[in-house]
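In our numbering, the protein residues as written are 48 to 345.
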C-alpha cells in the first residue's frame, strides 16, 4: 500500500436501488483508480451489496454503525424523506468528527436544512447533491448533479462525482436547501413534459392522426429529447413493464413541488392536472411509470 493510500478517505455508499447501485459502482471504480480504500457498500437488503461486489471493487458493510464508524465520506441515495431521516438518525451517534455526508435523495429542502444543522452540531458536514436523470443515465454515468453546502466541503467531494456519476455539476450556495429547490424545479419540468406529451398523444389519437405519427413528428421537431422518449413509452405501452420513474415517486416529488410553490406564492396549474391524472392512473393500473398517465386520457 502506498503512503498516499494511508491518508486517503474511506468512502461508503448507502442505498443500492435503481439509481444508487449504478452511482455506487461508478464511485467504486473511481476510488479504485485512485488507489483509495475500497468503497463500503450498504443496503438494507444485503444481497444488493453482495451483487455489487461481484462486479465492482467494493466491500460489503453489514450495518449502518459499521459505515458510520469507518467512513470519512458517506454517499447515499434513498427512497424518501422518512428513509433519509431514519438513516441519518442511525448514523449520527457513531459518525466520525469531520465526516461528510453526501445525500442525493430528492427530499424536502426544509428536511435537508434540519439534518445539516443537526449534523453540524456533531462536527459532520452535510452536502445536498440531488441528481437528475433516469436509471439508464445513472448506468452510463451521465447524470446532472446539483451541489449545495459548504464550499470547501464541495471542493473535496466534487472530484469523486464529476466526471464519475455525471459530466457536470451545478454548484449552488452554502444553504443545502438550494440544490433541492432546483431539483424540484427540474422535476416540475419532467412531470409537466409528461402531462403535455400525454395530452398531445391523446389529441393525435382522438383526431385520427394516430399516436405513431405524433411520435414521429416529435422526433423530427425535437430530436433526442424527453418528448420523444416519453411519447415512445406511451406509444408502445412500456410504462407497465419498464418503470423508470414510478408514479408513487413522482407524486412524492409533486408534494414537495406544490409545497414549495405555495410558500413562494406561485400557481402551478399543470402540476395540479398531472397529479389528478397520476392519481387516476395509479388507482386503475398500480404503481406504473409516470408516462402511464396517458392511459387515464384514452
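Heads up, the beta-carbon is just placed ideally off N, CA and C, and yes, glycines get one too. Only a predicted model underlies this, so the values are computations on that prediction, with no experimental measurement involved.
- Task: Could you pull out every residue in the same chain whose Cβ sits closer than 6 Å to the Cβ of residue 302, ignoring the five residues on either side in sequence?
- Result: Closer than 6 Å at Cβ, skipping near neighbours: no residue.
- How big is the Cα-Cα spacing for residue 166 and residue 252? 53 Å
- Beta-carbon separation of residue 175 and residue 159 under 8 Å? yes
- Task: To the nearest angstrom, report how far apart residue 99 and residue 68 are at their CA atoms.
- Result: Between residue 99 and residue 68, the C-alpha separation is close to 7 Å.
- Task: Could you tell me which uninterrupted alpha helix (DSSP H) segments, each at least 4 residues in length, are contained entirely in the segment 86-157, listed from first to last along the chain?
- Result: 93-102, 111-117, 128-138
- Query: Since residue 336 sits in a beta bridge, which residues does DSSP pair it with?
  - Reply: 293
- According to DSSP, what are the bridge partners of residue 218? 194
- With distances taken from CA atoms, which of 289, 285, 272, 179 is nearest residue 352? An answer regarding residue 352 cannot be provided, because it is not within the stretch 48 to 345 covered by the chain.
- So, are the CB atoms of residue 172 and residue 147 less than 8 Å apart? yes
- Task: Going by CA-CA distance only, name the one from 134, 292, 95 that's closest to residue 339.
- Result: 292
- Task: Assign residue 172 to one of three DSSP states: helix, strand, or coil.
- Result: strand
- Task: State buried or exposed for residue 313, treating a residue as buried only when at least 16 other CB atoms are found within 10 Å of its CB.
- Result: exposed
- Message: So, with DSSP's three-state summary, where would you put residue 253?
- Response: helix
- Task: Check the DSSP bridge columns for residue 244 and list the partner residues they point to.
- Result: Paired residue(s): none; residue 244 is not in a bridge.
- Any idea if residue 169 is buried or exposed, counting beta-carbon neighbours within 10 angstroms, 16 or more meaning buried? exposed
- Mapping DSSP to helix, strand and coil, what is residue 66? coil
- Which term fits residue 250, buried or exposed, when burial requires 16 or more other beta carbons within 10 angstroms of its beta carbon? It is exposed - the Cβ of residue 250 has fewer than 16 other Cβ atoms within 10 Å.
- Under the rule that 16 or more other beta-carbon atoms within 10 Å means buried, what is residue 144, buried or exposed? exposed
- Query: Assuming residue 294 and residue 335 make a contact with CB atoms under 8 Å, what is their CB distance in whole Å?
  - Reply: 6 Å
- Message: Whether or not the segment 200-209 and the segment 224-243 are in contact is what I'm after, with contact meaning three or more pairs of Cβ atoms, one per stretch, closer than 8 Å; do they touch?
- Response: Touching, no, given that fewer than three Cβ pairs across the two stretches are closer than 8 Å.
- Thinking C-alpha only, which one of 271, 79, 262, 233 is nearest residue 244? 262
- Query: Would you call the segment 232-242 and the segment 87-104 in contact, with 3 or more CB pairs under 8 Å?
  - Reply: no
- Item | Reference residue 88, options 208, 162, 58, 290, closest by Cα | 58
- Query: In the structure shown, what three-state DSSP assignment does residue 59 receive?
  - Reply: strand
- Message: To the nearest angstrom, how far is the alpha carbon of residue 210 from that of residue 142?
- Response: 28 Å
- State the DSSP-derived secondary structure class of residue 342, mapped to helix, strand or coil. helix
- Query: Thinking C-alpha only, which one of 258, 300, 54, 232 is nearest residue 37?
  - Reply: Past the edges of the chain, shown from 48 to 345, lies residue 37, and the structure says nothing about it.
- Item | Supposed close pair residue 264, residue 74 - CB separation, criterion 8 Å | Rounded, the Cβ-Cβ distance is 40 Å, inconsistent with contact.
- How would you label residue 149, buried or exposed, when you count the other beta carbons within 10 angstroms and need 16 or more for buried? buried
- Residue environment, residue 300, which counts as buried when at least 16 other CB atoms sit within 10 Å: buried
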